[in-house]
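To start, the structure itself, in structure tokens.
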Amino acid sequence: MAIPQPTATEMAQQRIRQNQHRKIEQQQTIKSLREQGWLQAAIAQKLGVSLKTVERYGHLPDFPEIPTRRATFGRSLLDPYKPRPYYREGHHCN
Numbered sequence: 003m004a005i006p007q008p009t010a011t012e013m014a015q016q017r018i019r020q021n022q023h024r025k026i027e028q029q030q031t032i033k034s035l036r037e038q039g040w041l042q043a044a045i046a047q048k049l050g051v052s053l054k055t056v057e058r059y060g061h062l063p064d065f066p067e068i069p070t071r072r073a074t075f076g077r078s079l080l081d082p083y084k085p086r087p088y089y090r091e092g093h094h095c096n
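Taken in order, the sequence shown gives residues 3 to 96; the numbers are from the numbering used here.
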């Protein structure tokens, strides 16, 4: 009996959830250490992240459990590769 393998989409969604969970944990740790009086440089060194990440995560509101989707504004990643209509004066060709 063959066990179905996860699809690329399922694996991508799982990776997104894992990254979101990691971000939430990092943000909670950063905020907790800041409340305890840790310096931002010490927090960055302890967590192995950049100072800019510590600053950003410390000032942002808490991350949502479910990641927000990025707006594509009606565009696709494939749009640059899709054929474009070619217009010549007096002719309309697709």
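We put the beta carbon where it would ideally sit given N, CA and C, even for glycine.
Taking a contact to mean a Cβ-Cβ separation below 8 Å, would you say residue 28 touches residue 59 in this structure?
Here the question's residue 28 lines up with position 26 in the sequence shown. Here the question's residue 59 lines up with position 57 in the sequence shown. Note that the C-beta distance between residue 28 and residue 59 is below 8 Å.
Given this structure, state the Cα-to-Cα distance separating residue 53 from residue 16, to the nearest angstrom.
Within the sequence shown, the letter at position 51 stands for residue 53. Within the sequence shown, the letter at position 14 stands for residue 16. Spanning the two alpha carbons is a distance of roughly 28 Å.
Just reading off the alpha helix (DSSP H) that residue 49 is part of, what are its end residues?
Counting from 1 along the sequence shown, the entry for residue 49 is found at position 47. From DSSP, the alpha helix (DSSP H) with residue 49 extends over 42-49.
Beta-carbon separation of residue 20 and residue 65 under 8 Å?
Position 18 of the sequence shown, counted from the start, is the residue given in the question as residue 20. Position 63 of the sequence shown, counted from the start, is the residue given in the question as residue 65. No, Cβ-Cβ distance for residue 20 and residue 65 is not below 8 Å.
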